[in-house]
Structure formats: structure tokens, C-alpha cells
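So the sequence shown is residues 1 to 310, counted in the UniProt record's numbering.
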Amino acid sequence: MSNEVLLMKPNEIEKVKSHYMKFKVERSAPGVVFAAKLVDTAITIYKSGKVMFQGNGATREASLWGTSSTKSTSTSVAKGDMLPANFSSLSVLGSDETGTGDYFGPITVAACYVHADQVELVKELGVKDSKMLTDDVMRKMAPDLMATLTHSVLVLKNEKYNDIQSRGWSQGKIKALMHNQALKHVLKKMETEKPAYILIDQFAERGIYYNHLKMEKEIIQENVLFSTKAEQLHVAVAAASIIARYAFLKEMDRLTEIANTTIPKGASAKVDEIAAKIYLKHGEEFLKSITKWHFANTGKAIKIVNKRRF
């Protein structure tokens with residue numbers, strides 16, 4: 001099945017609507033203003049002015065109205081695999097993580113499947129590189145994505161993280177296991193359907209990643225690609241990143257509530273100050289239960305505590 005996308009002016013869109021009016025169908029998806037279904041082609045018009053043609057007759061129908069804005073080019077990145085032509089429009093299962101550099105809070109990993117015919121819809125929902133979105137925007141977007149897309153999200157809370165880290169597990173190993181698990185969950189939910197590719201936002205070389213998984217009974221390897229900046233290469237990874245961030249923020253909200261003080265993100269000097277405050281108020285064991293204890297912030301916070309005590 002092929003996809004063609006045109007960006008059209010309002011007067012042009014009205015002509016498209018008129019042409020396909022007798023084939024109109026109801027579509028309640030966000031951002032959709034008109035939809036029609038031919039025997040071999042689905043036509044969808046979005047608020048943004050994009051018109052998508054899908055199906056065996058997509059090229060034929062799109063050619064009636066102009067030149068497709070969908071480009072078929074190979075993408076190469078500085079670090080990672082060479083991606084197939086037209087990768088951004090394919091059916092892809094993507095995964096990403098967040099929280100690895102934050103002293104407070106969990107590591108969260110999400111995997112998300114976006115079928116080719118959902119790519120434009122996901123874009124209409126505002127999905128793009130999460131680094132370009134605020135936390136407040138992602139809080140609003142994530143529930144819609146989770147309701148629309150097949151996904152899995154894992155949250156590794158601090159107590160469990162500290163336990164396995166103290167037994168010699170590196171963050172790389174932890175992340176590899178979580179990515180593999182999230183991908184397995186989504187593939188099982190998809191049942192007989194298979195993605196064209198799986199794209200993992202690369203945090204380790206392929207060999208190192210799979211070495212971390214060598215003791216696992218089930219390792220996801222078929223059609224797996226690795227790339228840095230994967231959020232920019234397919235909306236599946238961008239959506240996974242937003243969902244992972246949403247799960248991280250929800251856990252940070254919970255920690256803020258039980259600590260009775262606003263928990264900051266990152267690993268800055270401000271984080272050291274808040275950690276010292278929590279230590280003095282709730283004690284060492286409580287602080288440990290909500291942080292990545294092996295971070296240098298622990299030692300810095302304890303130094304602040306000792307200065308204030310004496």
C-alpha cells in the first residue's frame with residue numbers, strides 16, 4: 001500500500017471535498033476534517049491542510065491534485081544504521097527512554113507502534129522530537145497517544161533501581177533489558193501484525209546492546225535498527241519518547257507528594273540542596289528510596305547536611 005501526502009490551500013481543499021463528497025465516510029480521529037473511501041484508496045483531509053491518499057490507487061488520485069510532498073530518500077546518521085528509503089512513512093515500532101540522568105525519580109522506557117496509515121494522524125496530534133516540547137505539552141498529548149496507539153511503558157522505581165545497580169548492573173544493561181521487555185509487550189499486543197522495522201533510540205552499539213541481553217530467553221532482533229536522534233526519524237520513537245516522559249513526570253508528581261516538597265529534575269546544585277533538605281526532614285533511607293543513590297549528588301547532599309548540622 002502506498003501513501004501520498006499533499007499540502008493544499010483552503011480553496012484547493014474545497015475542490016477535493018466536492019470531488020469525493022459522494023464517497024464521504026465518518027472519521028472521528030483528532031485533526032481530521034474530511035474523509036472519503038474509494039474501492040482502492042482512502043482520502044483524509046487534516047486541519048493543517050495536508051491531504052493524505054492511501055492505498056493501491058493513492059498515486060493515481062494524488063496526481064489529480066498536484067505533486068506529493070512525501071519524499072523517498074535514504075537517511076544516514078552519524079551514529080547508527082542506514083535507514084531504508086521513505087522510512088518515516090513506514091509502519092514502525094519505536095522505543096525510547098528517559099530519566100537516566102535525573103537524580104530523583106525513575107527510569108522509564110516506552111515502546112510504541114505507529115502503522116503507516118497512522119503516521120499523518122500522529123503528526124496531527126503534534127508529535128515531534130520531545131526535546132522540542134515542554135513537559136506541560138507532553139502531559140496533555142500523552143493520554144491521546146496512549147489511547148490511540150499500541151504501546152507499552154515500563155517504570156523502574158528508585159528502590160528497585162538501587163537494588164540492581166548495587167549488584168553491578170550498569171545503566172546500559174538496565175536500559176537494554178527494559179527496551180527489550182517493552183518491545184516484547186507491544187509485539188504480543190499486535191498479535192499477527194508485524195512492523196516493517198523496529199527502531200531503538202541508540203544508547204549503545206548493537207553488539208554491546210545484545211551482549212546485555214545474552215541471558216534473556218526472548219530477545220527481539222528481527223528487523224531491529226539503531227539510530228541516534230531517532231525521535232527525528234520516525235514518529236513512533238517520538239511518540240514513545242513522549243509516553244516515557246509522561247510516565248516519568250507522573251512518578252515525579254508522586255514523589256513530590258510523599259516528600260511534601262517540589263522534586264526537581266536533573267542533577268544540578270539545586271538538586272543537591274533539595275536532597276539535603278529531604279535528608280534532614282525525612283532521613284537517609286527515605287532519600288535513598290526516591291533517588292539514584294550512586295549519583296554524585298548523594299555525596300554533595302550529605303556534605304550540605306553535615307555543614308548545617310554542625
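Idealized CB from N, CA, C, for every residue including glycine. Remember, predicted model here, so these are calculated numbers, not experimental data.
Cross-strand partners of residue i (DSSP beta bridge)
i    : result
Q54  : N3, A42
A276 : In DSSP, A276 forms no bridge with anything.
Y113 : L93, T150
K37  : A42
G80  : S227
Y197 : V92
I107 : L156
V32  : Y46
K24  : A36
Cβ shell of residue i (< 6 Å), same chain only, five flanking positions each side left out
i    : result
A176 : Y209, H212, L213
M52  : V5, T44, E120
A259 : I278
G66  : L6
T298 : none
S152 : A111, A182, H185, V186
V127 : V235, A238, A239
V224 : I198
K17  : F34
G80  : Q202, F226, S227, T228
G57  : D40, T41
Distance between residue j and residue i (C-alpha atoms, nearest Å)
i    : j    : result
Y161 : L7   : 47 Å
G266 : E251 : 14 Å
D201 : D96  : 5 Å
E205 : I219 : 16 Å
T192 : H282 : 50 Å
A236 : A85  : 16 Å
K270 : D144 : 33 Å
E61  : K15  : 13 Å
R308 : M138 : 38 Å
T59  : N3   : 8 Å
G168 : K140 : 37 Å
L199 : H179 : 11 Å
E231 : N306 : 43 Å
T284 : D253 : Here the sequence assigns Glu to residue 284, which means Thr is not the residue at that position. Distance between the alpha carbons of E284 and D253 is about 20 Å.
S166 : W293 : 9 Å
E222 : F286 : 43 Å
L64  : M190 : 35 Å
G173 : I164 : For the record, residue 173 in the displayed sequence is Lys; it is not Gly. Taking the straight line from one Cα to the other gives about 10 Å.
K131 : I302 : 32 Å
Where residue i falls, given that 16 or more other Cβ within 10 Å makes a residue buried
i           : result
H115        : buried
G101        : exposed
V186        : buried
V33         : exposed
K71         : Because the pLDDT of K71 is 39, which lies under 50, any placement of that residue in the model is unreliable, and the question is left without a value.
P195        : buried
M215        : exposed
residue 322 : Since the first and last residues shown for the chain are 1 and 310, residue 322 lies out of range.
G55         : buried
Beta-carbon contacts of residue i that lie in its chain and below 8 Å, excluding the five residues immediately before and after
i           : result
K37         : F23, V25, I43
I290        : F104, G105, N158, L255, I258, A259, I263, I278
F295        : Y103, A267
residue 312 : No answer is possible for residue 312: it lies beyond the span of the chain, which begins at 1 and ends at 310.
Reference residue i; option with closest CA among the options
i    : options                : result
L133 : I242, A182, G94        : I242
M21  : R27, A35, N11          : A35
Q171 : G99, G126, K140        : G99
M146 : T59, D135, A240, A58   : A240
K229 : I13, F203, Q221        : F203
V92  : A301, L233, M178       : L233
K50  : F286, G94, I13         : I13
P10  : K47, S28, H19          : K47
S227 : G94, K123, K300, I274  : G94
K300 : F286, A275, I174       : A275
D135 : L249, I164, K17        : L249
K188 : Q118, L280, Y113, K173 : Y113
S89  : S63, N56, K123, H19    : K123
7 Å CB neighbourhood of residue i in its chain, flanking five on each side removed
i    : result
V155 : P106, T108, A247, E251
K288 : N162
A244 : D96, E97, T98, T108, V109, A110, V153
Closer than 8 Å: residue i CB and nearest the ligand FAD heavy atom
i    : result
S152 : Ligands are entirely absent from the displayed structure, and the ligand FAD is therefore not among its contents.
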